[in-house]
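A.B. asks:
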Amino acid sequence: MSGLEPHQLSLNTATVREQWNLAQCIEGCARHGFGGISPWRDKLQEMGVKPAAKAIRDAGLGVSGLCRGGWYTATGALDQAVIDDNHRAVDEAAEIGADCLVMVVGGLAEGSRDLPHAWAVVEEGLATTLEYARKAGVKVAIEPLHPMYAADRACVNTMRQALDICDRLGPGIGCAVDAYHVWWDPELEAQLKRAGKERIMGFHLCDWLVPTRDLLTDRGMMGDGVIDLPRLRGLVEANGFSGLNEVEIFSALDWWRRDADEVMAVIVERGRTAC
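full-length UniProt numbering numbers the first residue of the sequence shown as 1 and each following residue consecutively.
The following block contains the structure:
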């Protein structure tokens, strides 16, 4: 299959979070010909939601997602502060016209070993957020994270697990498919088919380095690792996904240390040759 052209790409602002603020990310996306952007909420709030929404529209960019909602389990129970923060996230996603609100659901509460309880809190939290999001016209996308993050970041770790939740909660909720988190899953092809067009709400690109020096902040640029990205992209597209391909690279040891325009230029080149 042919590679990706810049207009098919979206920049997740985490990729250049150490170099650029959101205004610079918006301008950089436009200058490098990207089709869209996916802000993180800290960058969005720093700029201001309404000014950011206007700047994104004025630049002609789509918004592939807003990162992130979730984090339901921190105190061991669903509390009002978490509910309120997720409602704010929904409002922000609506204001900027995001294709979805990406949910990193949370892991175990401090001191807990009760994984079934964490799953129950997560599902309760997602149901509460989804009820609010439906009224706002915002889609909610669970991002299954690699199992190494089950304890501290997300106790939803496979597409099957995420889709089981979606089945129970009904319309308006689906998945953000991140290559870094799902590439290893032997059920991935079947679960993407199960998800289909309505529930594949986002697709995130990066690569898995061997060796990986840090499990959070040593993601690879596309083509530098072991993930068969063209195959994975082919699978999501075969099952109905036609949105922007979002590049999300946490890289404290490499890409966060480089000039941001260099990073953007390499993304364009690797989109064409490695995806």
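Backbone N, C-alpha and C define an ideal beta-carbon position, used for all residues, glycine too.
So the candidates are 64, 13, 221; which of them puts its Cα closest to the Cα of residue 140?
C.D. replies: Cα-wise, what sits closest to residue 140 is 64.
A.B. asks: Leaving out five residues on either side along the sequence, give the residues of the same chain with a beta carbon under 6 Å from the beta carbon of residue 68.
C.D. replies: Closer than 6 Å at the Cβ level, and outside the excluded window around residue 68, lie 102, 104.
A.B. asks: Could you pull out every unbroken alpha helix (DSSP H) segment of at least 4 residues lying fully inside the region 38-121, listed in chain order?
C.D. replies: Listed in chain order, the complete alpha helix (DSSP H) runs (minimum 4 residues) inside the region 38-121 are 41-47, 49-58, 80-96.
A.B. asks: By a C-beta neighbour count over all protein chains shown, 10 Å radius and 16 as the cutoff for buried, is residue 114 buried or exposed?
C.D. replies: When all chains shown are included, residue 114 counts as exposed.
A.B. asks: If you run the structure through DSSP and keep just helix, strand and coil, what is residue 142?
C.D. replies: The answer is strand: DSSP assigns residue 142 an E or B state.
A.B. asks: Can you give me the Cβ contacts of residue 36 inside the same chain, cut-off strictly under 8 Å, excluding the 5 residues immediately before and after it?
C.D. replies: Excluding positions up to five away in sequence, the list reads 9, 10, 11, 29, 61, 62, 63, 64, 244, 246.
A.B. asks: Pop quiz: residue 211 and residue 181 are said to be a contact at Cβ under 8 Å. What is the actual Cβ separation, rounded to whole angstroms?
C.D. replies: Not confirmed; about 18 Å, so no contact.
A.B. asks: Give the DSSP-derived three-state secondary structure of residue 7 in the structure shown.
C.D. replies: In the structure shown, residue 7 sits in a helix (DSSP, three-state: H, G or I).
A.B. asks: Can you have a look at residue 112 and say buried or exposed, based on whether 16 or more other CB atoms are within 10 angstroms of its CB?
C.D. replies: That one is exposed.
A.B. asks: So if DSSP puts residue 36 in a beta bridge, which residue, or which two residues, is it bridged to?
C.D. replies: BP columns for residue 36 point to 10, 62.
A.B. asks: Comparing alpha-carbon positions, which option in 52, 135, 263, 199 lies nearest residue 32?
C.D. replies: The option with the nearest alpha carbon to residue 32 is 263.
A.B. asks: Since residue 148 is in the alpha helix (DSSP H), which residue starts that stretch and which ends it?
C.D. replies: Element bounds for residue 148: n/a, residue is neither H nor E.
A.B. asks: So for residue 261, helix, strand or coil by DSSP?
C.D. replies: The answer is helix: DSSP assigns residue 261 an H, G or I state.
A.B. asks: 8 Å is my cut-off, CB to CB: does residue 137 come that close to chain B?
C.D. replies: Any reference to chain B falls outside this structure, which holds one protein chain only.
A.B. asks: Below 8 Å on the Cβ atoms is my contact criterion, and I expect residue 235 with residue 192 to pass it. Report the Cβ-Cβ distance as a whole number of Å.
C.D. replies: About 5 Å; that satisfies the 8 Å criterion.
A.B. asks: Sort out for me which residues DSSP pairs residue 175 with in a bridge.
C.D. replies: Answer is 142, 200.
A.B. asks: Inspect the beta-carbon positions of residue 5 and residue 272 and report whether they are closer than 8 Å.
C.D. replies: Taking 8 Å as the Cβ cut-off, residue 5 and residue 272 qualify as a contacting pair.
A.B. asks: Quickly, what does DSSP pair residue 22 with across the bridge? List them, please.
C.D. replies: BP columns for residue 22 are empty, so no partner.
A.B. asks: Since residue 90 contacts residue 106 with CB under 8 Å, what's their CB separation in whole angstroms?
C.D. replies: The pair is not a contact, with the Cβ atoms about 17 Å apart (cut-off 8 Å).
A.B. asks: Going by DSSP, what residues sit across from residue 245 in a beta bridge?
C.D. replies: BP columns for residue 245 point to 9, 203.
A.B. asks: Does DSSP put residue 277 in a helix, in a strand, or in coil?
C.D. replies: Because the chain in this structure spans residues 1 to 275, residue 277 falls outside the shown range and cannot be described.
A.B. asks: Kindly indicate which three-state DSSP category residue 154 falls into: helix, strand or coil?
C.D. replies: Three-state DSSP puts residue 154 in a strand.
A.B. asks: At the level of alpha carbons, what is the spacing between residue 21 and residue 241?
C.D. replies: C-alpha separation (whole angstroms): 29 Å.
A.B. asks: Report, in whole angstroms, the separation of the C-beta atoms of residue 43 and residue 13, which I expect to be a contact under 8 Å.
C.D. replies: About 5 Å separates the two Cβ atoms, so the contact holds.
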